[in-house]
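**Q**
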Amino acid sequence: ASLSFKHQVDKIILIAGDSDFVPAAKLARTEGIDFVLDSLGADIRNNLSLHIDGRRTCDEKFKFYLNQLFK
């Protein structure tokens, strides 16, 4: 959240899905920061989805690298 106040970032990608991060998401968006969520394929709380600018996932890439690592 403090990164938003200092304008040190223009986008935050959160890797989580619980609603504990709603205040941080709201603050970031209020300060004009894009707030993107990667829940790694898990469901997210509705009150969190209201305060994000988009969703993306690195889950498939992560699975690919794990498969390559443990061949």
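30 is the number of the first residue of the sequence shown in our numbering; add one for each residue after it.
For glycine and all other residues, C-beta sits at the position ideal for the given N, C-alpha and C.
All values derive from a computational prediction rather than experimental measurement.
What's the gap between the Cα of ARG58 and the Cα of GLY70?
**A** Along the sequence shown, read from residue 1 onward, the residue named residue 58 stands at position 29. Along the sequence shown, read from residue 1 onward, the residue named residue 70 stands at position 41. Near 23 Å, if we compare the C-alpha coordinates of GLY70 and ARG58.
**Q** Looking only at DSSP bridge pairs, what is ARG84 linked to?
**A** As a first step, residue 84 is located in the sequence shown; it is residue number 55 there, counting from the start. ARG84 pairs with LEU66.
**Q** Cα-Cα, which of LYS35, ASP39, LEU77, PHE99 is closest to GLY46?
**A** Stepping through the sequence shown from its first residue, residue 46 is reached at position 17. Among LYS35, ASP39, LEU77, PHE99, the Cα nearest to that of GLY46 belongs to LEU77.
**Q** Name the two residues that bound the continuous beta strand (DSSP E) containing LEU79.
**A** Within the sequence shown, numbered from 1, the residue matching residue 79 stands at position 50. No beta strand (DSSP E) holds LEU79; DSSP gives it neither H nor E.
**Q** What does DSSP give as the partner residues of LEU98 in its beta bridges?
**A** Counting from 1 along the sequence shown, the entry for residue 98 is found at position 69. Its beta-bridge partners do not exist; DSSP assigns none.
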